[in-house]
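A.B. asks: In this note's numbering, the protein residues as written are 150 to 280. Note that beta-carbon positions come from the ideal geometry of N, C-alpha and C, so glycine has one too. Quantities reported herein were computed from a predicted structural model and do not represent experimental measurements. Before I ask anything, let me first share the structure, which is written out below as structure tokens.
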Amino acid sequence: MTDIQGAADSVFAVQETNEFGDERSAILFKPGVYDDVNVKVGFYTQVSRLGRNPDDVTINGTLNADADWNNGNALVNFWRSSENMSTAPPAGSSAQWAVAQAAPMRRMHIKGQLELFDFDPWWNAGLASGG
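Here's what the structure looks like:
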């Protein structure tokens, strides 16, 4: 799984703050179970599975779109998506989808907690409209 984690980290390193950039990325998972994989989803990134049903792919780890790059302000977290897979965050953590708009999360099976916001440095919950 280190190759998968490394590839996901490389995509995020480019796309985390790439709000108006030209790069586009897709991370596609074949059917199976992926242990200890933590996917952070930046601008212009799609994370999806290649199986038929969401539970054909399970990420035993986290799937996150956070607003850390913008001090917890998710109002400009656009242009990213996740679809058609399941994720099982480890105990004590959660999946996070702190987005504003043009950032769908479709046909997802979240086997644990899902946060639809991010915190700013003062621990105020930021907005995520999902519109």
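In terms of alpha-carbon separation, which member of Met254, Asp152 and Asn222 lies closest to Asp184?
C.D. replies: Of the candidates Met254, Asp152 and Asn222, the one whose C-alpha sits nearest the C-alpha of Asp184 is Asp152.
A.B. asks: Ignore the nearest five residues each way along the sequence and tell me which others in Asp204's own chain have a CB closer than 7 Å to its CB.
C.D. replies: Here the set comprises Ser235 and His258.
A.B. asks: Taking DSSP as the reference, what is the three-state secondary structure of Asp152?
C.D. replies: It is helical.
A.B. asks: How many Å lie between Ala245 and Asn187 at the Cα?
C.D. replies: The question names Ala, but residue 245 in the sequence shown is Gln. So the alpha carbons of these two residues sit roughly 11 Å apart.
A.B. asks: Taking the alpha-carbon of Asp158 as reference, which of Asn233, Gly170 and Ala214 has the nearest alpha-carbon?
C.D. replies: Among Asn233, Gly170 and Ala214, the Cα nearest to that of Asp158 is on Ala214.
A.B. asks: Is the shortest distance between the beta-carbon of Asp267 and the beta-carbons of chain C less than 7 Å?
C.D. replies: The structure shown contains no chain C, having only a single protein chain.
A.B. asks: Go to Ser174, then tell me how far its beta strand (DSSP E) extends in each direction, as first and last residue.
C.D. replies: That run of the beta strand (DSSP E) goes Ser174 to Phe178.
A.B. asks: Kindly indicate which residue of Pro180, Thr166, Gly261 and Gly241 has the alpha-carbon position closest to the one of Val190.
C.D. replies: Here the closest residue by C-alpha is Thr166.
A.B. asks: Go through its chain and collect everything with a Cβ distance to Val225's Cβ below 7 Å, but skip five positions before and after it.
C.D. replies: Hits under 7 Å: Glu168, Asn219 and Ala249.
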